Amino acid sequence: MNDQPIVIYYNQLSRRARRLAQRYETFFTRHLQVVTLVPSTASAVHDTQQLTQVCSTAHECVVIGGDGSINIVVNALIQASLQHQVLLTVIPVGTGNDFARDHGLHRWNWRMTNNSVTQAEAVGVAQGATQSRYFVNHVGTGLSVDLMRLQPQWLKQSAGHLSYLIALARYVLGSLSRRSRIRRDKSWDDGQFVALGRYIGGGFLVHPKADRTTAILARIRIPAMPRIRQIKALLNVLKGRIEATAAIEFERGRQFSLGDTEHVLELDGDIYFQGPATVTIAATTILVLVPHYD
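For what it's worth, the working numbering labels the leading residue of the sequence shown as 1, then goes sequentially.
In structure tokens:
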């Protein structure tokens, strides 16, 4: 029996994730590895606690899900000081899959080949007034939270990746009074983000020069502006021209403030706590298994 136990954490609500979890369990078992299957539940707290326990003796944690599932695993590993012991492997089965896209993870069976390498990568941390949480892609408030509310589960299931574009169209054409505007000094922002990776929201390129090993954050602020001007600015973002869009404020650094006391923060696509927060690069890193291309 192989002495490198494997934990497979998968999105229980996804039929495809359940099917791939079974396939990977069979694959690892054939290689004489001990496998522990951990299905997701409705409670991120419960999942974090369970993963902390089962990963304490694991060599690798395979995440079969989306960015939210990755966030739960990373927080479990770091909180239990396991991030230097347990490899993180991602099999993308989410709607957005921004972490997977940033790593070139497109095929569900890439882990079943021998062409892979391990690399140490940075994570971000958002520190609020009473709590903090790690993130792997971004933290946002305002626009990103509004888009979540305009993208219900039925829309994700029926439209998949296109649900992000549908939600964005609903946002820019919808009522201005329903937007969550964030106070900044004497003005207002429709959205504020801090990105660690290149993509947010299912493939919107917001941090073109991102490097997860050198770990420079990008803060993006979208000021409140006339609708037609905002539509033009967001179209530029969709084309990957965020740094050339004068209407959007873009800056790089290692620490930023984000949000206000009136609005919640979402990290990697899930809402966790009230703003404001200080966002920095965490002092720790994680070990990520990625494909190796010659």
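C-beta: ideal position from N, C-alpha, C; glycine also.
No experiment lies behind these values; they were computed from the predicted model shown.
In terms of CA proximity to LEU143, ASP189 leads the group GLY160, ASP189, SER132. Assignment of beta-bridge partners to VAL117 by DSSP yields VAL290. Look at VAL45 here: in three-state DSSP terms it is helix. Rounded to the nearest angstrom, the gap between the Cα atoms of LEU217 and PHE27 is 37 angstroms. Restricting attention to alpha helix (DSSP H) runs no shorter than 4 residues, the segment 4–87 encloses them at 15–30, 44–54, 67–79, ordered along the chain.
In this structure, the CA atom of THR214 is about 14 angstroms from the CA atom of ASN137.
If only uninterrupted alpha helix (DSSP H) runs of at least 4 residues are considered, those enclosed by the segment 208–239 are 227–238.
For PHE256, the pairing in a beta bridge is given by DSSP as VAL279. A straight-line Cα-Cα distance of about 15 angstroms links ARG221 and ARG179. Per DSSP, reduced to three states, the secondary structure at TRP188 is strand.
The beta-carbon separation of VAL93 and GLY124, rounded to 23 angstroms, does not stay under the 8 angstroms limit for a contact. Here ASP270 carries a strand assignment [DSSP, helix/strand/coil]. Assigned with DSSP and collapsed to three states, LEU105 falls in coil, not helix or strand. For VAL93, there is no enclosing beta strand (DSSP E), as DSSP gives it neither H nor E. From the listed residues ARG181, ALA44, THR118, the smallest Cα separation to PRO291 is found for THR118.
The segment 223–242 makes no contact with the segment 109–118, as fewer than three CB pairs between them are under 8 angstroms.
Membership of ARG133 in the beta strand (DSSP E) is indicated by the continuous run 132–135. When the five nearest sequence neighbours on each side are left out, the beta carbons in the same chain lying within less than 6 angstroms of the beta carbon of ARG183 are those of ASP260, in order along the chain. Here TYR199 is bridged, per DSSP, to LEU205.
Contact between CYS61 and THR89 holds: their C-beta atoms lie close to 7 angstroms from each other, under 8 angstroms.
Per DSSP, the unbroken alpha helix (DSSP H) holding ARG149 starts and ends at 143–149. With respect to the 7 angstroms criterion, ALA277 and LEU267 are not classified as neighbours on the basis of their beta carbons. In the three-state reduction of the DSSP assignment, ALA169 falls in the helix class, which pools H, G and I.
If you draw a straight line from the Cα of ALA246 to the Cα of ARG18, it is about 45 angstroms long. A distance below 7 angstroms separates the beta carbons of LEU147 and TYR171.
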